[in-house]
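A.B. asks:
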């Protein structure tokens, strides 16, 4: 029932949720075939063989949080417990599945030895800000308490990452005191891919890079893509949980990797954050720009974007995480 509803959620909300404004409902109906296509691309490779197992984490009294857990057999060196990496999928805050990032998450587990827990959260327009980040914060708080007993993972050697909207939630989660130094469970690093980190600006007002297509076939969906921050933007314009680009430097991870595709309206806000933090502390943020990349390019089939192009970003991220673990006494 969960799978059936999640795959057809846009249509169900459009048809049966009368509390959602009409400007979102008709767009959700048109989004349905796109969702089926993207979910199929992300899920079908794992129908018969999975590098992960699914858990429903008992975070809330009346609902659980679906998570994919990646853990590779083997023995590490230097620490009793394995590193822990939290992953958060994208989907414009209105959908998505953690399976879409399974290729990268599997590599993290296999090549670094970390336990990877890939999370989901509630979606807009039914659940605008702060529902998504509230779910992530509560889930991470639960994971910190249960990581050792449940997965043999070390919450004191924890990193975080995310794709697109997941990158926003990953950096927004760092605003919680238990994820900041000097807390023992402070995040040691973050890895984000085409993160949407400035929600003060609606998507149709973001500056377009030189090679951005003149015509966007999905432009009619932009109001829907804005349904997470849009309804509360005016009252939360200064909230770093919504727009991590304005977060104070000391609240963010001490090491950060930002993988940025050049053909994306989100280039400027990511570079702005990286430049500010590196000006305060040189070398803190490592930036990788893929000249041929566009938003979401890491999640499309290899027939559309060559595997070696995607691996350039993934290789950089794996090396970054291995380096981070080594600084804290873990080798795989």
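Residue numbers (full-length UniProt numbering): 1 to 332.
For every residue, glycine included, the Cβ atom is placed at its ideal position computed from N, Cα and C.
Going by DSSP in three states, residue 60 sits in which element: helix, strand or coil?
C.D. replies: Residue 60 falls in the coil class under three-state DSSP.
A.B. asks: Roughly how many angstroms separate the alpha carbons of residue 314 and residue 18, rounded to a whole number?
C.D. replies: Taking the straight line from one Cα to the other gives about 42 Å.
A.B. asks: I need the DSSP call for residue 292, collapsed to helix, strand or coil.
C.D. replies: If DSSP states are grouped into helix, strand and coil, residue 292 belongs with the strands.
A.B. asks: Excluding the 5 residues flanking residue 211 on each side, which residues of the same chain have their C-beta closer than 6 Å to its C-beta?
C.D. replies: If we look at residue 211 and ignore the five residues flanking it on each side, its Cβ neighbours are 263.
A.B. asks: List the whole-angstrom C-beta distance separating residue 162 from residue 185, where the pair is believed to meet the contact cut-off of C-beta under 8 Å.
C.D. replies: Not quite, the Cβ-Cβ distance comes to about 18 Å (not below 8 Å), so this is no contact.
A.B. asks: Please report the straight-line C-alpha distance between residue 139 and residue 106, rounded to a whole angstrom.
C.D. replies: One C-alpha to the other measures close to 21 Å.
A.B. asks: Could you tell me whether the Cβ atoms of residue 114 and residue 85 are closer together than 8 Å?
C.D. replies: Contact: yes.
A.B. asks: Which value, in whole angstroms, describes the spacing of the CA atoms of residue 190 and residue 6?
C.D. replies: About 28 Å.
A.B. asks: Spell out a yes or no on whether the region 244-262 and the region 287-302 are touching, meaning 3 or more CB-CB pairs, one atom from each, closer than 8 Å.
C.D. replies: Short answer: they touch.
A.B. asks: In terms of DSSP beta bridges, what is residue 161 paired with?
C.D. replies: Answer by DSSP bridge pairing, in chain order: 87, 191.
A.B. asks: In the DSSP assignment, what residue or residues form a beta bridge with residue 284?
C.D. replies: Answer is none; residue 284 lacks a bridge partner.
A.B. asks: Do residue 279 and residue 287 have their CB atoms nearer than 8 Å?
C.D. replies: Their beta carbons are not under 8 Å apart, which means residue 279 does not touch residue 287 by this criterion.
A.B. asks: So, residue 373 versus residue 244, is the Cβ gap smaller than 8 Å?
C.D. replies: This structure does not reach residue 373, given that the chain is present from 1 up to 332, and the question cannot be answered.
A.B. asks: Would you identify the three-state DSSP class for residue 225, choosing helix, strand or coil?
C.D. replies: Reduced to three states, the DSSP call for residue 225 is helix.
A.B. asks: Classify residue 242 as buried or exposed, calling it buried when 16 or more other Cβ atoms lie within 10 Å of its own Cβ.
C.D. replies: By the neighbour-count rule (16 or more Cβ atoms within 10 Å), residue 242 is buried.
A.B. asks: Using alpha carbons as the reference points, say which of 317, 302, 304 lies closest to residue 289.
C.D. replies: If we check each option's Cα against that of residue 289, 317 comes out closest.
A.B. asks: To the nearest angstrom, how far is the alpha carbon of residue 13 from that of residue 20?
C.D. replies: Cα to Cα, the separation comes out at about 8 Å.
A.B. asks: Taking 8 Å as the cut-off, does the region 145-161 touch the region 67-86 (at least 3 CB pairs, one atom from each stretch)?
C.D. replies: Verdict: yes, contact present.
A.B. asks: Could you please give the first and the last residue of the uninterrupted beta strand (DSSP E) stretch that includes residue 107?
C.D. replies: Counting along the chain, residue 107 falls outside any beta strand (DSSP E), though it belongs to the alpha helix (DSSP H) covering 102-112.
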